[in-house]
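Colleague: Residue numbers (my numbering), protein chains in the order written: chain A, 1 to 294; chain B, 1001 to 1294; chain C, 2001 to 2294; chain D, 3001 to 3294; chain E, 4001 to 4294; chain F, 5001 to 5294. Each residue gets a CB set at the ideal place from its N, CA and C atoms; glycine is no exception. Got a structure for you, questions after.
Number of protein chains: 6
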Amino acid sequence: MKEILLSNTDRAEVLAHALPYIQRFQSKTVVIKYGGNAMINEDLKAAVIRDIILLSCVGIRVVLVHGGGPEIEGMLRALGKESRFVRGLRYTDEDTMDVVQMILCGKVNKDIAARIQQAGGRALGLSGIDGGLFQARRFRPDGEDLGLVGEIEAVDAAFLNALLDSGVIPVISPVALGTGEDAGRPLNINADSAAAQIACVLKAEKLVLMTDVQGILRDIKDPNSLIKAINRSEVAALKQDGIVTKGMLPKVDCCTLALDGGVSRTHIIDGRLPHAVLVELFTDEGIGTMIVND
Amino acid sequence: MKEILLSNTDRAEVLAHALPYIQRFQSKTVVIKYGGNAMINEDLKAAVIRDIILLSCVGIRVVLVHGGGPEIEGMLRALGKESRFVRGLRYTDEDTMDVVQMILCGKVNKDIAARIQQAGGRALGLSGIDGGLFQARRFRPDGEDLGLVGEIEAVDAAFLNALLDSGVIPVISPVALGTGEDAGRPLNINADSAAAQIACVLKAEKLVLMTDVQGILRDIKDPNSLIKAINRSEVAALKQDGIVTKGMLPKVDCCTLALDGGVSRTHIIDGRLPHAVLVELFTDEGIGTMIVND
Amino acid sequence: MKEILLSNTDRAEVLAHALPYIQRFQSKTVVIKYGGNAMINEDLKAAVIRDIILLSCVGIRVVLVHGGGPEIEGMLRALGKESRFVRGLRYTDEDTMDVVQMILCGKVNKDIAARIQQAGGRALGLSGIDGGLFQARRFRPDGEDLGLVGEIEAVDAAFLNALLDSGVIPVISPVALGTGEDAGRPLNINADSAAAQIACVLKAEKLVLMTDVQGILRDIKDPNSLIKAINRSEVAALKQDGIVTKGMLPKVDCCTLALDGGVSRTHIIDGRLPHAVLVELFTDEGIGTMIVND
Amino acid sequence: MKEILLSNTDRAEVLAHALPYIQRFQSKTVVIKYGGNAMINEDLKAAVIRDIILLSCVGIRVVLVHGGGPEIEGMLRALGKESRFVRGLRYTDEDTMDVVQMILCGKVNKDIAARIQQAGGRALGLSGIDGGLFQARRFRPDGEDLGLVGEIEAVDAAFLNALLDSGVIPVISPVALGTGEDAGRPLNINADSAAAQIACVLKAEKLVLMTDVQGILRDIKDPNSLIKAINRSEVAALKQDGIVTKGMLPKVDCCTLALDGGVSRTHIIDGRLPHAVLVELFTDEGIGTMIVND
Amino acid sequence: MKEILLSNTDRAEVLAHALPYIQRFQSKTVVIKYGGNAMINEDLKAAVIRDIILLSCVGIRVVLVHGGGPEIEGMLRALGKESRFVRGLRYTDEDTMDVVQMILCGKVNKDIAARIQQAGGRALGLSGIDGGLFQARRFRPDGEDLGLVGEIEAVDAAFLNALLDSGVIPVISPVALGTGEDAGRPLNINADSAAAQIACVLKAEKLVLMTDVQGILRDIKDPNSLIKAINRSEVAALKQDGIVTKGMLPKVDCCTLALDGGVSRTHIIDGRLPHAVLVELFTDEGIGTMIVND
Amino acid sequence: MKEILLSNTDRAEVLAHALPYIQRFQSKTVVIKYGGNAMINEDLKAAVIRDIILLSCVGIRVVLVHGGGPEIEGMLRALGKESRFVRGLRYTDEDTMDVVQMILCGKVNKDIAARIQQAGGRALGLSGIDGGLFQARRFRPDGEDLGLVGEIEAVDAAFLNALLDSGVIPVISPVALGTGEDAGRPLNINADSAAAQIACVLKAEKLVLMTDVQGILRDIKDPNSLIKAINRSEVAALKQDGIVTKGMLPKVDCCTLALDGGVSRTHIIDGRLPHAVLVELFTDEGIGTMIVND
């Protein structure tokens, strides 16, 4: 932890300044997609975990959804598994799905749960399979076959709310059981999209997507061109103008999906900054780009 | 509120540093005797109220006991009521008791409750009469008659715990109904001592007495001689050596009473410093003098 | 207590006769404005307290709202405070409000709570400030400035119901926190009107206003001209005919406000008669004037 | 109902006098054996039912145990069934047991339940069979075979308490399932003794046995020789002196059994007097004979 | 119990086959009218009781309603009571009603409760009188006076659900208190019809009527002509064609009443076959005739 | 599923025979170590899952603990990881632990949860890390270093009981967080021993260890020499006589540990037989070897 040189009274003053933010979010639900650099860099990892527990301690209902791309990548390589790509997306065959499930549910999920427990929080690592948390069907964008990739049909909100009521932080791997012809078969779900769907059924106050970029830049080459806040209705224009670029597109779509589903505010934040989540929730300026309903 | 110049990330870092203290005290009970200058100076008042609500927001069970000496003094003067003193203590006749009750339960208690409510907390202003919270008998030190001054025989812990469980901050006036020959008669209770008794029945983590002095000074003329921490067993020696002086004596006795009754730690802090309570709970150095069991 | 000479069997018969009344009101809410002579005369006071506890013992949910006019009067005089009158109503400046708050919340409220506790009941003395029970705004009849006089905007019914569920008798001082430009400022509320508003939000079975008159007399000079019962729709005519006279007017208005807000029956009773409340609830004839919806 | 001529205010005064008695017994359990003339005379029946509901209304937990001797008698005669007597006690063969069960559980129990329901109370008619309320074994006094007569081994207190908590008045037929070699066979239990056993497991405040006599008379021929109260320790002497006579003996034994089992007070009262139960509970003099622990 | 010769593994396989049926009915309500031969033949009786407990053990909410025709018949004869018939139905005068009540509530009800308790279940024997379970009025088909015969106006569903929630099997005698001019008077209710009404208010999954016939036969002389399933809409035609004959008519009417009231499926089954209820619930073929909504 | 040819009535009879077993185990806890062939053979897998759900459906509280040796083996091989052996036990270095965690928590655990969900049960897949379910320390038999192998110090019984109360089947991977110098580090726990420890803290009725052998054979070459039941006290002799051989030794030790910790009965059963668990619980003969306290 970085040492900030302040008198104890000034420290107390800083804490006292946080009160209105705590009051605003207490008993509210915040769904955080945890991913990118913040899941790799050891210092950032420690900071995120402490932030999450702090939010939980001040009475915010936090749900954590995680991805695990790089670790899946690494394992596939270690196993000598060659990847096939469809429209630039990796095709998920059965062997790949096995690896996805092992890495997400067995490695990443338990590592996060272990860190939260170790830091004094109470975390429950779950997948969308457990207790039937998710129901999913195959995801076939424009009819394209991506293999065992799914999209969520239903989330069991009552189950998550019961966990949150008991003071637990749910840590969720985006793997789901299929229905219909895929009944009983695990499907691979995009983590941002799982977070958005959860935020919808919980009528969350905030959806926070941690990324490795600053947010939406008006000019991708100019770091000073960050768009701090836009309305839901302005999104279409930004897309047309090519400002929401390729990597950012699905994240923005998750935000609009959440907004349309009843979430109050959505945020694309820069997980490379220490305590990005705390800064977002506990300062007026926030961080990254916020998309809100009009 | 004083403005501390810090980047948002540094602010977040300061908050993150508070986590272990929040975790240590969460779900624990802290009884605070609120009095002295911190109840008169408008800035200090505002700071104390915010501190109290912050503690409550992070899950600490706070009970506030208040005095009201100066305001009682003022009203007696306004009514032209002359005071009689016994051994240097004001004799509480029926008229005086009426004023005590009006000022404590009607003025000070409601003012504090109003401030907490206004700042977004949830406070319930009570006296020891309400719901039979206290039972008291006459207090006659060395057989001396002080009039309608009482000492507490019993506190209804279940009642306070029910309030705390429901998220309320109890704000308590130290007035109690007498028993036996004083049955049904309101008695005037010393606020420090009421706080200590409440701390005992609630098995509080901390008893905090706010005063207008730095704490116990080894040399009363040397502000650098503050005793930061002493053991319960060292108190007797300090008394013999004349270090615990007249005004401090009853406060120290309240602390030892609380320690003997199962309270973990007791504190005599300097309420003239802003955010004294936060500094005490949320920094390692603390503030004022701490008395603990050996 | 008056001794009624009856055999034990006849006493039992009288009790048995009360059964249908008890059954009718059990689990129902009755809001009583306690005031006037019944709050001054020592015998009447004792009788009212016993009646209240009896109602509570047989399962009626009793809420007590009290005034305190004469005691406020006395204190203002003792403090040499001169009163200014607007349209015959006392203007409530800050000093006066201080006295109102002290007398109502500190003196009268605690005296009633003490008496109920002493007689074996369980009372909680509250003001509209505590727990945010009331929200109020300035009351400016016809735009006239009366100073810190308020009218209730909202009552926290859930809070009162939780107290009633736990078997407590709430004793309420009509002082409230203002909102908007008066945010955080205590306002003085008329007790009859506070009782009526509480009765509305609790959907009370009865609103009972204790007065120092027999009820509404058709001919104010003829004590035999008491109107025992009238319909809501007849009130306008009585006003036009000058039968509802000046002092009675606001009380009748409180009754019609309560009826319009869902209260079943409203009563203006003569608090100078011993056990007036019991007679009203537990006999067919009742007492005073009843106003009911058509 | 008898009409008592009293002003409404005097009626209210009588009610107010009942308050301390109500307070004394509120939330306490009273077990009443209902039998004899009070179960036959139509006026007494109506009065008992009203008394029972009144007790329940004021928060007393009432359990009613009934007998049914005369009606069993009548049915056996109607069926031409001849009785065999052993030591003066009727031998209960299978046919007799059938009649006992039908009359107690089918006739008397439902008649009492119907009357309580009709008068606005809430009664549940049960036997010791239902829910396994009683467990019993054969009763063989001095090894004598009485047929299907049982004595209680166990009572399910939790079951009764759940009913009482929900505001129901349990009305209980003293029929039980046997255990061991009589497993699954209904046995006939003495009603006084069932009431005493229930009072024990519920740690009742009072056991009240309604009889057709005044109570224990020191001289059976002198109605003025009623013993109003005796201690548990005096019972043996009264037996030796022949004052506790034959019919009274088992009732007194039930009382001492209950006292030894933790019941506070036991009463043998004269059910021929109207409102005998109310008089017993709600006056200082009480009625009949009280036997208490020393 | 009949011994089926099977290896333990095959036994286990049979149990495992029952799983989908258990899953289908778990937490669902099944109302069973228990009557006819299955209530007389000792082997069938034992089998029914075991079936009922098994259903309860696997989480099905079972309500049992019983009749008692033959036993009432027998007692009337034993008492030399002559019966009067109206349109082929027995007229229920007061003496007959007394016998009905005694036999149903006192004999049959307690015998069933005793058997269930003895076999390890938990049964509560009730009548429609207890706790005000039923409200009824006189039943006068085509204005004909049948004496104290009633039809149900209301069933207290909350009461039954509370019993079912606590794991109890309610065993219900079809006797009810009248209302209006029959207030407080027990009325005799047809058991099939009581079962149908209960099934309606509980929104039962199934209503099962146990009879002494195979079900509805297309040709009453041909046991191979059993109608296994018909729709609600086909019933009228069957009646017109004379296929639903006299004895079957009221049973079919109970089924259609239940279907119209929200019950999912209704069954007229042959109680003369061992384990008829289990076969109905736990096999695909079922047993008897099922009537369902279209 | 195998088809057993039986009439529906005979099927019902078989079900009815299961009643006493269901009654005996209802609301009791059974901890099952699921492993070996029954986790590999597809038919056996399906049968085990159905058995588990059936047990849960009839009210038995089932906890499932699984291993995953062969799949861990396979993955290590696929990754080209060479194993080091200490005293015949595989040394668990960090890379191996990673694989253990991925396979157990990510692959096997979720596969079992998916199958239970798919078959209509409700399963929650957990590791000992989640919610701090297990606390463990390094396991060093005779001081030997086995790397990241742990033994359980504590199990959170309240957490498991809360899950069981809500009708969930906990499926548990034997991975735990270390304490002390291994704080925050995942440790590999033997599955049999985890099952035994869980059975102890839950005071389970049964501990069932599924193996690939018949049970304990008196003569390992003679399949007819199965020991069906032995007492705790006989175990020592069997060990001395060399009858409890190497592979069986740790399983027997788990059983005795469980017995000493308050478990009623322990079983080593042959998971290669279909429905082995059902046969064990629902027949008198049981299956495999039972070890019980004397």
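Listed in chain order, which residues of the region 3097-3120 of chain D have Cβ atoms closer than 8 Å to some Cβ of chain E?
Modeller: Those residues of the region 3097-3120 of chain D that come within reach of chain E (Cβ to Cβ, closer than 8 Å) are Asp-3098, Gln-3101, Met-3102, Ile-3103, Leu-3104, Cys-3105, Gly-3106, Lys-3107, Asn-3109, Lys-3110, Ala-3113, Ala-3114, Arg-3115, Gln-3117 and Gln-3118.
Colleague: Can you pull the chain A residues whose beta carbon is under 7 Å from the beta carbon of Asn-1008/B, in chain order?
Modeller: Going along chain A in sequence order, the residues near Asn-1008/B (Cβ under 7 Å) are Val-279, Thr-283 and Glu-285.
Colleague: For a quick check, are the C-beta atoms of Gly-4288/E and His-4267/E less than 8 Å apart?
Modeller: Yes. Within cutoff.
Colleague: Below 8 Å between beta carbons: does that hold for Leu-5124/F and Leu-5163/F?
Modeller: Yes; because the gap between Cβ atoms is below 8 Å, this pair is in contact.
Colleague: Relative to the C-alpha of Gly-4121/E, which residue among Cys-4057/E, Gln-4240/E and Ala-4199/E is closest?
Modeller: Cα-wise, what sits closest to Gly-4121/E is Cys-4057/E.
Colleague: Give the interface partners of Glu-1013/B over in chain A, defined as CB-CB distance under 9 Å, in chain order.
Modeller: Met-1, Lys-2, Glu-3, Ile-4, Ala-47, Pro-274, His-275 and Leu-278
Colleague: Just checking my contact of Ala-2038/C with Gly-2271/C at CB under 8 Å: how many whole Å lie between their CB atoms?
Modeller: 4 Å
Colleague: Could you name each continuous alpha helix (DSSP H) segment of 4 residues or more that falls completely within the region 5063-5093 of chain F, going from the start of the chain to the end?
Modeller: 5069-5078
Colleague: What does the alpha-carbon distance come out to for the pair Asp-95/A and Asp-1010/B?
Modeller: Distance between the alpha carbons of Asp-95/A and Asp-1010/B is about 46 Å.
Colleague: The alpha helix (DSSP H) spanning Leu-4126/E covers which residue range?
Modeller: No alpha helix (DSSP H) contains Leu-4126/E, which is instead part of the beta strand (DSSP E) from 4123-4127.
Colleague: Could you check whether the Cβ of Ser-1056/B sits closer than 8 Å to any Cβ belonging to chain I?
Modeller: Of the protein chains in this structure, namely A, B, C, D, E and F, none is chain I.
Colleague: Alpha carbon to alpha carbon, what distance is there between Val-2171/C and Val-2252/C?
Modeller: 23 Å
Colleague: For His-4267/E, which three-state DSSP category applies?
Modeller: Looking at His-4267/E - three-state DSSP - the assignment turns out to be strand.
Colleague: Can you list, in chain order, the stretches of the beta strand (DSSP E) that have 3 or more residues and sit fully within the region 1154-1231 of chain B?
Modeller: 1169-1173, 1175-1178, 1186-1189, 1206-1211 and 1229-1231
Colleague: Roughly how far, in whole angstroms, is the beta-carbon of Met-49/A from the beta-carbon of Arg-115/A, given that I think they are within contact range, below 8 Å?
Modeller: The sequence given here has Ile at residue 49/A, not Met. Right, the Cβ-Cβ distance comes to about 5 Å (below 8 Å), so this counts as a contact.
Colleague: In chain order, what residues of the same chain lie with their CB nearer than 6 Å to the CB of Ile-2297/C, ignoring the 5 residues before and after it?
Modeller: A question about residue 2297/C goes unanswered here, because the residues of chain C that appear run from 2001 up to 2294.
Colleague: Using the Cα positions of Asp-3142/D and Asn-3190/D, report the straight-line distance between them to the nearest angstrom.
Modeller: 17 Å
Colleague: Quick one: which chain F residues come within Cβ less than 8 Å of Arg-4122/E?
Modeller: Against chain F, a Cβ distance below 8 Å from Arg-4122/E picks out nothing, because the smallest value is about 11 Å.
Colleague: Who are the neighbours of Gln-1026/B on chain A, taking C-beta pairs under 9 Å?
Modeller: Cys-57
Colleague: Given this structure, state the Cα-to-Cα distance separating Gly-1184/B from Ile-3032/D, to the nearest angstrom.
Modeller: Going by the C-alpha atoms only, they are around 37 Å apart.
Colleague: Cutting at 6 Å between CB atoms, please list the residues of its own chain near Asp-4296/E, excluding the five before and the five after it.
Modeller: Nothing in the structure corresponds to residue 4296/E, since chain E is present only between 4001 and 4294.
Colleague: Would you identify the three-state DSSP class for Met-5102/F, choosing helix, strand or coil?
Modeller: helix
Colleague: Do you know offhand how far Leu-79/A's Cα is from Leu-5079/F's?
Modeller: 6 Å
Colleague: Considering Thr-2256/C, what are the terminal residues of the alpha helix (DSSP H) in which it resides?
Modeller: 2249-2260 is the span of the alpha helix (DSSP H), which, as asked, contains Thr-2256/C.
Colleague: Could you tell me whether the Cβ of Arg-5050/F comes closer than 8 Å to any Cβ of chain E?
Modeller: yes
Colleague: Thr-245/A by DSSP, collapsed to three states: which one?
Modeller: coil
Colleague: Given a cut-off of 8 Å, decide if Arg-2061/C and Lys-2028/C are closer than it, judged by their beta-carbon atoms.
Modeller: In this structure, Arg-2061/C lies closer than 8 Å to Lys-2028/C by Cβ.
Colleague: Of all the CB atoms in chain B, is at least one closer than 8 Å to the CB of Val-2186/C?
Modeller: It is Pro, not Val, that sits at residue 2186/C in the sequence shown. Yes, Pro-2186/C counts as interfacial toward chain B.
Colleague: Decide if Asn-2109/C is buried, meaning its Cβ has at least 16 other Cβ atoms within 10 Å, or exposed.
Modeller: buried
Colleague: Please report how far the alpha carbon of Ala-16/A lies from the alpha carbon of Leu-1054/B, in whole angstroms.
Modeller: 7 Å
Colleague: Does DSSP classify Lys-3033/D as helix, strand or coil?
Modeller: strand
Colleague: From Ala-3158/D, Asp-3043/D, Leu-3005/D and Thr-3283/D, pick the residue whose C-alpha is nearest to that of Lys-3203/D; which is it?
Modeller: Ala-3158/D
Colleague: Taking C-beta pairs closer than 8 Å, name the residues in chain E that Ile-5053/F reaches, listed in chain order.
Modeller: Leu-4019 and Gln-4023
Colleague: What does Ala-16/A reach in chain B if we use C-beta pairs closer than 8 Å?
Modeller: Here the neighbours are Met-1001, Ala-1047, Arg-1050, Asp-1051, Leu-1054, His-1275 and Leu-1278.
Colleague: Would you say Val-168/A faces chain F, with C-beta separation under 8 Å as the test?
Modeller: yes
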